[in-house]
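Okay, structure first, notes after.
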Amino acid sequence: MEIPFRSALLSVYHKDGLDRIAEGLHRLGVQLYASGGTYDFIRNMGLEVTAVEDITGYPSILGGRVKTLHPGVFGGILAKRNDEQHRLDMQKHELPFIDLVVVDLYPFEETVKSGGSAEAIIEKIDIGGISLIRGAAKNFNDVLIIPSVEDYGFLLDIIDNQLGKTNLEQRRQLAVRAFAVSSRYDSAIHQWFELGQLEADTPKIPSSWSSRSLRYGENPHQQAAFHGKPEEVFTQLHGKELSYNNLLDVDAALSLMADFDESSIAIIKHNNACGMASDPDLFKAWEKALAGDPVSAFGGILVSNRVITLPVAEAMNALFFEVLLAPAYDAGALEVLQSKKNRMILKTKEFAPVRKQYRTILNGLLEQDPDRAQETKADLKCVTDKKPSNAELEDLLFANRLVKHSKSNAIVLAKNAQMLASGVGQTSRVDALRQAIAKAQHFGFPLEGAVMASDAFFPFPDCVEIAHAAGISAVVQPGGSVRDQDSVDAANRLGLSMVLTGIRHFKH
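Structure (structure tokens):
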């Protein structure tokens, strides 16, 4: 339903662009109300405007601290037009309905950044303006809110091209924008009161999130905090408070396990899996996962997507590890695992993962969608003369899911749903492969019949040649190099099978 502007309340700090808005609204015959300096500005333009004091019956007091905070103003904004009692109240108290609210808040952040005194900064905490924004946004069914000078263009378009009429979707869109402005404004104030300064690289934190300080960041000399709702992700059953690094590994563990439906256990170290296996028998999955790298497993993070039974708990208890995540624990298992005072035992929950990923860089933020691609057999395109067997196909998919969650450049070697070794975080794909082969051989894994997964394409055939020399029989990679055919030719010459997915999985 389209609603025309019949009246508008304007209360802005910055007057840039206000003349065009006031002129446009006047041209449409809109009744203008304004406060303080905004009233003076419009009146000096020679336009008819009513002072807020004429609605409230009270002057601006306390040096301008209180101007618009009055039922006469907020009644006109918050009154629901289709509510008969609201309409009767408005008539009884002779209050005008307000269809449009235009606000530009006191420049709090600018005052802080300019080095203003504490007194000056506090005086730039807007009270009336933020209340006008929230009130108008709440009643978006009937009122349009323009919460910032940055939104003047939107309003001018409505004035010039829609004759001052708005539909519900437009009003809702600006309400969303209004609460974003309000949230950022309040977050900046909170940050200044807590820290005494504004951190330019701090992203907006949703008001529904809780915040808690951590002992320290990646290193003891770095301060850190966590903002979010961890209680929606897990319940901590035992142990000390999770650290910054623990939380990073917990995130890596749950992200990895989200790609595995079959009974699985993984061991995470520095955000990478150092051991991983899938097996219907969870005890066997544990034994296979630990065998992948029992050295790196020391002090790691364990994660399972099945209930931890007593036998599994007893086997795990022999290893020093920091955190264990699982959806449930048998009573006896929990008792065994709690024998170490500081060990952190978490019971995982179904939760909605983040829709965006952010990383602070330079003087801003990078934003991207999470990597949710999960290749299936249908996505694997065989490009060699030799086709992978069914068992190899299963292992190729297993290894490909693992390499997706490994730091680039990454190579994963696997066989029979067990990670044999990986090479991660290398500047050369050849180095990553050689690292993986060396680790597998060190821990006694024969690589004959094993498969190899790469997170990105092979620019040269050298990786195929090295893999063949180690005994690897099948390869999965995304492809995409201008020299893909060189690797395919090498695989054909050496008798390997190779499949392409078309999906790269860089992880930095």
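Sequential numbering from 886 applies to the sequence shown in the numbering used here.
Backbone N, C-alpha and C define an ideal beta-carbon position, used for all residues, glycine too.
{"query": "Just the Cα atoms here: how many angstroms apart are A1138 and V1188?", "result": "6 angstroms"}
{"query": "Compare the C-alpha of A1355 against each of S1372, S1163, D1340 and A1335 and name the closest.", "result": "A1335"}
{"query": "Secondary structure at D1086, three-state DSSP: helix, strand or coil?", "result": "With a pLDDT of 43 at D1086, under the threshold of 50, the modelled position of this residue cannot be trusted; read the value that follows with caution. Coil."}
{"query": "Below 8 angstroms on the Cβ atoms is my contact criterion, and I expect D989 with V958 to pass it. Report the Cβ-Cβ distance as a whole number of Å.", "result": "Not really, about 17 angstroms apart at Cβ, beyond 8 angstroms."}
{"query": "Suppose contacts are defined by Cβ-Cβ distances below 9 angstroms. Is H911 in contact with E933 by that definition?", "result": "yes"}
{"query": "Compute the distance between the beta-carbons of V1360 and L1281, then report whether it is under 9 angstroms.", "result": "yes"}
{"query": "Whole beta strand (DSSP E) runs in the segment 1233–1280 with 3 or more residues, listed along the chain?", "result": "1242–1246 and 1249–1253"}
{"query": "Give the straight-line distance between the Cα atoms of R891 and D1011, rounded to the nearest whole angstrom.", "result": "27 angstroms"}
{"query": "Which class does G1334 belong to by DSSP, given the choice of helix, strand or coil?", "result": "coil"}
{"query": "With 16 other CB atoms within 10 Å as the buried threshold, where does D1086 fall?", "result": "With a pLDDT of only 43 at D1086, under the threshold of 50, the placement of this residue in the model should not be trusted, and no figure is reported."}
{"query": "Going by the DSSP bridge assignment, what does F1342 pair with across the sheet?", "result": "DSSP, once it has assigned bridges, lists no residue as partnering F1342."}
{"query": "What whole-angstrom Cβ distance do E1252 and N1285 have, given they're in contact under 8 angstroms?", "result": "Their Cβ separation, rounded to whole angstroms, is 26 angstroms, which puts E1252 and N1285 out of contact at 8 angstroms."}
{"query": "DSSP on M975, reduced to helix/strand/coil?", "result": "helix"}
{"query": "What's the call for R1240, buried or exposed, on a 16-neighbour Cβ count within 10 Å?", "result": "exposed"}
{"query": "Would you mind sorting Q1243 into buried or exposed? The rule is 16 or more other CB atoms within 10 Å of its CB.", "result": "Reading off the sequence shown, one finds Tyr at residue 1243, where the question assumed Gln. That one is exposed."}
{"query": "Roughly how many angstroms separate the alpha carbons of L1385 and C1348, rounded to a whole number?", "result": "15 angstroms"}
{"query": "Could you check if H1390 is buried or exposed, using at least 16 other CB atoms within 10 Å of its CB as the buried criterion?", "result": "buried"}
{"query": "By a C-beta neighbour count over all protein chains shown, 10 Å radius and 16 as the cutoff for buried, is R1257 buried or exposed?", "result": "exposed"}
{"query": "Roughly how far, in whole angstroms, is the beta-carbon of H1106 from the beta-carbon of S1096, given that I think they are within contact range, below 8 angstroms?", "result": "The Cβ separation is near 21 angstroms, so there is no contact."}
{"query": "Across the segment 915–931 and the segment 993–1000, are there enough close Cβ pairs to call them in contact, namely three or more that are closer than 8 angstroms?", "result": "no"}
{"query": "In the DSSP assignment, find the unbroken alpha helix (DSSP H) run with V1135 in it and report its ends.", "result": "Y1129 to M1142"}
{"query": "Can you say whether K1226 is buried or exposed, counting buried as having 16 or more other CB atoms within 10 angstroms of its CB?", "result": "exposed"}
{"query": "Can you tell me whether L1423 is buried or exposed, with buried defined as 16 or more other CB within 10 angstroms of its CB?", "result": "Here the chain has residues from 886 to 1393 only, and residue 1423 is not among them."}
{"query": "A1162 and A1321 look like a contact to me (Cβ under 8 angstroms); what is the Cβ gap, rounded to whole Å?", "result": "Going by Cβ atoms, the distance from A1162 to A1321 rounds to 16 angstroms, so no, they are not a contact pair."}
{"query": "Can you give me the Cβ contacts of T923 inside the same chain, cut-off strictly under 8 angstroms, excluding the 5 residues immediately before and after it?", "result": "L895, S896, V897, K900 and L903"}
{"query": "Grab the span of the beta strand (DSSP E) containing K1154 for me, first residue to last.", "result": "S1149 to K1154"}
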